[in-house]
Structure formats: structure tokens, C-alpha cells
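Note sheet for the following structure.
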Amino acid sequence: MKIFKCPNCNSPVFFENTKCQNCNTTLGYNHYLDRFEIPKSFGENTNNHLKFCSNYQWGVCNWLVTEQNSEFCLACSLNRIVPNQSDIGNFEKWQKLEIAKHRLIYQLLKLRLPVKSKLVDNQGLTFDFLSIGNEDIYTGHSNGIITILLKEADAVHREQLRKQMNEPYRTLLGHFRHEIGHYYWFLLFNSPNVETYRNLFGDERIDYAGALNRYYENPNSTNWQNNYITRYASAHSWEDWAETWAHYLHLMDTLETANSLGIGFSPEEQHIKKLVVKTCPNPYKTKNFKDIFTASVALTCSVNSLNRSMGLSDIYPFVIPHKVVEKLTFIHDLLQSRAN
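What follows is the structure, given as C-alpha cells:
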């Protein structure tokens, strides 16, 4: 995610901000132009016709819409079920989920992927944020409906599941990126390129429920490290796609942040020079995935080392085998071909 600037004083502004920390100007994110602006009712000299999304009043959105347009911004228009504000505990969890979801939608727009609400287009997507009320309800995707359990916003619960499921990484944003991968699979592979997909990820026609049952009965039964980004990716072709897709989004977002900050490396010692790159490129403007991957390895290795210096866990606790690099390259090339 890039660092934005205040239109009033040119100070840095971060994605979730509603005010400039330097000049105290009220600001909102204009996704139409990918920049922060002063809403009409908050600026005397503002000539635009922008107002805050209706969810601004609940502290869950800082996006702008045009006065004559919709009540909700693009990101919030995708919601179907959300907690009532009187349900304080779950409402606070929803606030955390919206931060992650808005970051997801920002990135989908960067990748020029179609983002439409299922409430107005049957081929679109929608989000249900649900509390525990039915043991058969899980976080997941089905026919454009992405369900996220509100308990995932509880850091303690999420950490317990991370250990229970033997996952090195489990975050709210990671959930959104994984589940949206399932949704886009059905949009991206309704054409002959599905054969190319199968050559890399396997045959998605294999019984999905049966494959997951076999995985959970014996999750350690496969030698997954050389072919998959995570153990869970080995369960079925669709899970391999969703896990790899999520990691593609991870790499693209972190690298855009590094590029926005102007991060580069100029070590003096020769063995360190082999590890890093001079500059981190803008991944959304980089055609060759090899350049993206090389810079991402330099960035994540560096930040992992900094975390270890503080006694913290790696922010990116993964080793990417060559087979997964092929899959990531396939995703990048596929999205590049769609954008051109």
C-alpha cells in the first residue's frame, strides 16, 4: 500500500486516516482517483462533490462517494450482513474486519479486477460477517458469498487456531485474500486457459469435499514443501490456488509499500549485496514477475531479520520453492494479460 499525501499541506497520509496529523484537515479516500481529498462539507475552498460513505458515521469507513451517487462506497456496498451497532462486542470486531476488507478492495482495484456487488449483479460478490450461531457456518466462499466469522477478529482466538491448525501465518487480511481467491477462480478460468492452470495446480474436478476430509484425517501425509506454499495448499487444487493467490497479494502489497517509501539497499559487504536489490520497484507497474519476486525476497529477508533482532516472529515465515514461483508467475502473467 502506498503512502498518500494531504491535499492541504502535502504531509504524509496513511490509508486508514480520516484527518491529516499535521494540519488536522478532515480527509477521505477517493478510490476513483486513488488519492485523499477533502470532502465538500469539510472544506471551504473545496470544489468537488464528494461526501463520506454512510459507514463513516460508525467509524468503519473513510472512503468517499459523489453526492449524487450511492449512499455507500464501493467497498461497503459489498456488505450483505453486518453486526448491529448495539451489539458492542461484535460491532468492534466488524470494525477490525472492515479495515482488512477495505485494504483488499484497494488492491483488487490496483490489479484491475472486476469488483461488483452481488446485490446488484448475480456474478458479483458480497460479504457476510457472522457471529457464532450455527455450528455449520464457517469462514469461506460459496458462489460469490464470502463469509467471515466475527471471532476471527479476536486476536487470542486467532492465535489459538493458528497453533491448532499448525499455520505459521493467520491474519484477517490473509483470510480475505484467500477467500477472494476462490471467487476469482470462477471468473478467471471459464476459458481454455484452465488447462494451463491444471498443469500447475492440479485438476480441480477431483471431489473437493472428499479431498478435504482426507487432508484433515491425515494432514501430514504428503511431502508438500517442494510443491506448495503451505501445507493446506496440498489438500486440493482450489486450495492451492487460493493459498498461492493470497501470497501473490501479500508480495504485491508489501512491495508497493516499500516502493512508496523509497526503500532500497546499499550494503558494503559483498555477501549482503547478493541478498538485496538496489531499489524496490512498483509491482503494479512491473511486467516481469522475476523482478517482483527478487525484490520481495530481499525485502522479506531484511524485515524478518529486523524482527528477530527484537525477539519477534518473522513477518513472512515462508520459504518459497521453485514450483510455487512458477505458480506465482502464472498468476501475475494472467492478470497482466487481462489488464492489457
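Per my numbering, residue 1418 is the first one in the sequence shown, and the count goes up by one each step. Cβ coordinates follow ideal geometry from the N, Cα and C atoms, glycine included.
Quick one: residues in its chain with C-beta nearer than 7 Å to the C-beta of residue i, no 5 flanking neighbours on either side, listed in chain order?
i            : result
residue 1498 : 1545, 1546 and 1547
residue 1602 : 1655 and 1658
residue 1642 : 1738
residue 1652 : 1628, 1629 and 1632
residue 1591 : 1663
residue 1475 : 1502
Could you pull out every residue in the same chain whose Cβ sits closer than 6 Å to the Cβ of residue i, ignoring the five residues on either side in sequence?
i            : result
residue 1496 : 1544
residue 1624 : none
residue 1668 : 1713
residue 1423 : 1430 and 1437
So for residue i, helix, strand or coil by DSSP?
i            : result
residue 1620 : coil
residue 1538 : coil
residue 1682 : coil
residue 1742 : helix
residue 1445 : strand
residue 1543 : strand
residue 1635 : coil
residue 1465 : coil
residue 1561 : coil
residue 1641 : coil
residue 1603 : helix
residue 1477 : coil
residue 1720 : helix
residue 1569 : helix
residue 1533 : coil
residue 1360 : Any answer about residue 1360 is impossible in this case: the structure gives the chain only from 1418 up to 1757.
Just to confirm my understanding: we take residue i, look at its own chain, exclude 5 residues before and 5 after, and list those with CB closer than 8 Å. What are they?
i            : result
residue 1716 : 1671, 1672, 1675, 1680 and 1697
residue 1704 : 1753
residue 1500 : 1507, 1508, 1510, 1511, 1546, 1548 and 1567
residue 1472 : 1478, 1489, 1490, 1493 and 1515
residue 1436 : 1442, 1443 and 1444
residue 1725 : 1731
What distance in whole Å lies between the Cβ atoms of residue j and residue i, which are believed to be in contact at a cut-off of 8 Å?
i            : j            : result
residue 1531 : residue 1604 : 7 Å
residue 1535 : residue 1562 : 7 Å
residue 1568 : residue 1549 : 6 Å
residue 1457 : residue 1484 : 7 Å
residue 1660 : residue 1650 : 4 Å
So which of the options has the shortest CA-CA distance to residue i?
i            : options                   : result
residue 1467 : 1476, 1452 and 1475       : 1452
residue 1492 : 1522, 1469, 1751 and 1474 : 1522
residue 1454 : 1475, 1429 and 1474       : 1429
residue 1538 : 1524, 1695, 1560 and 1528 : 1560
residue 1709 : 1725, 1588, 1423 and 1666 : 1666
residue 1746 : 1564, 1613 and 1541       : 1613
residue 1750 : 1721, 1726, 1700 and 1593 : 1700
residue 1541 : 1621, 1600 and 1640       : 1600
residue 1702 : 1757, 1720 and 1533       : 1757
residue 1693 : 1720, 1731, 1598 and 1677 : 1720
residue 1736 : 1684, 1648 and 1634       : 1648
Could you check whether the Cβ of residue i sits closer than 7 Å to any heavy atom belonging to the ligand ADP?
i            : result
residue 1676 : No copy of the ligand ADP occurs in the structure displayed, which carries no ligand at all.
With contact counted as at least three CB pairs below 8 Å, one residue from each stretch, are the segment 1468 to 1486 and the segment 1442 to 1454 in contact?
-> Yes: the two stretches touch, three or more of their Cβ pairs being nearer than 8 Å.
Flag this pair as touching only if the segment 1740 to 1757 and the segment 1614 to 1627 have three or more C-beta atom pairs under 8 Å; answer yes or no.
-> Taking a contact to require three or more Cβ pairs closer than 8 Å, the segment 1740 to 1757 and the segment 1614 to 1627 qualify as touching.
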